[in-house]
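Enquirer: The sequence shown begins at 19 in the numbering used here and counts up one residue at a time. Ideal Cβ positions, reconstructed from N, Cα and C, are used throughout, including at glycine. Note that the coordinates shown come from a computational prediction; the quantities given were computed from them, not determined experimentally. Sharing a structure below in structure tokens format, with a few things to ask.
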Amino acid sequence: MTDRATEPSTRPRIPGSPVGKDDSTVRPPLASDKPGPLPDKPGPPAGAPAPSLPPGATVTSRPRVPRRARLRLTRVDPWSVMKTSFLLSIAFAVVTVVSVAMVWQVLGAAGVWDSINSTVQEAIGGEDTADFRVEDYVGTSRVLGFTMLVAAIDVVLITAAATLTAFLYNMAAALLGGIELTLAEDGH
């Protein structure tokens with residue numbers, strides 16, 4: 019027995035049951051399917067006499083214990099992992115390029131490049147260093163171009179590594195059973 023649904027053509031049709039647009043079997047509505055007010059607390063139905071308590075006894079309600087479920091993660095879809103990691107790596111690339119551009123602008127506004135130029139001119143001296151500018155070697159356009167190249171390579175590598183990790187996890191989960199998770203609802 020599998021959890022997969024059978025094709026509509028091979029599914030047995032229950033006589034007298036309604037048929038949907040795609041010829042799939044639709045179960046008739048049950049009495050419990052009708053919307054209605056949900057009781058706040060389980061107890062006797064409305065109109066029933068209240069149970070009597072012995073003299074001096076008080077009614078205490080027990081705190082509701084949160085439900086817990088133990089599940090096992092046995093498979094990760096590599097296609098979903100690839101799409102998600104591609105999107106996240108593009109976001110990481112954009113953040114990298116913007117942060118490098120901001121740092122470069124802050125360094126320029128702080129006078130770091132002028133300080134480096136004057137230090138090199140004083141240290142080496144002579145007429146050859148009069149027109150030395152560090153920005154000619156590590157200018158904003160060169161640094162941002164290199165950052166974009168590294169970011170594009172990172173997008174490819176991160177996406178490939180995440181997809182490969184999903185395949186490896188699926189193989190390991192097939193052998194070892196996967197990761198066991200315990201889920202619990204909030205106690206509020």
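Whole alpha helix (DSSP H) runs in the segment 87-163 with 4 or more residues, listed along the chain?
Expert: For the segment 87-163, whole alpha helix (DSSP H) runs of length 4 or above, ordered along the chain, are 96-127, 130-142.
Enquirer: Taking 9 Å as the cut-off, decide whether the C-beta atoms of Arg-90 and Ile-197 are in contact.
Expert: Contact flag set, yes.
Enquirer: Across which residues does DSSP place Ala-202 in a beta bridge pair?
Expert: Arg-86, per the DSSP bridge assignment.
Enquirer: Whose C-alpha, out of Val-173, Thr-165, Val-99, Ile-134, is nearest the C-alpha of Arg-151?
Expert: Checked all of Val-173, Thr-165, Val-99, Ile-134; the closest Cα to Arg-151 is Ile-134.
Enquirer: Whole angstroms is fine: what's the gap from Val-112's alpha carbon to Thr-92's?
Expert: Roughly 33 Å separates the two Cα atoms.
Enquirer: Which whole-angstrom value describes the C-beta separation of Ala-169 and Val-116, a residue pair presumed to lie in contact below a C-beta threshold of 8 Å?
Expert: Not really, about 10 Å apart at Cβ, beyond 8 Å.
Enquirer: Going by DSSP, which residues form a beta bridge with Ile-171?
Expert: Answer is none; Ile-171 lacks a bridge partner.
Enquirer: Take Leu-199 and list the residues in its own chain whose beta-carbon comes closer than 8 Å to its own, dropping the five residues that flank it on each side.
Expert: Hits under 8 Å: Arg-88, Leu-89, Arg-90, Leu-91.
Enquirer: For Thr-177, does the count of other Cβ atoms within 10 angstroms reach 16, so buried, or fall short, so exposed?
Expert: Buried, since its Cβ has 16 or more Cβ neighbours within 10 Å.
Enquirer: Cα separation between Met-17 and Val-173?
Expert: Because the chain in this structure spans residues 19 to 206, residue 17 falls outside the shown range and cannot be described.
Enquirer: Using CA coordinates, which residue listed in Val-118, Val-83, Val-94, Ala-109 is at the minimum distance from Phe-164?
Expert: Of the listed residues, the one whose Cα sits closest to Phe-164 is Val-118.
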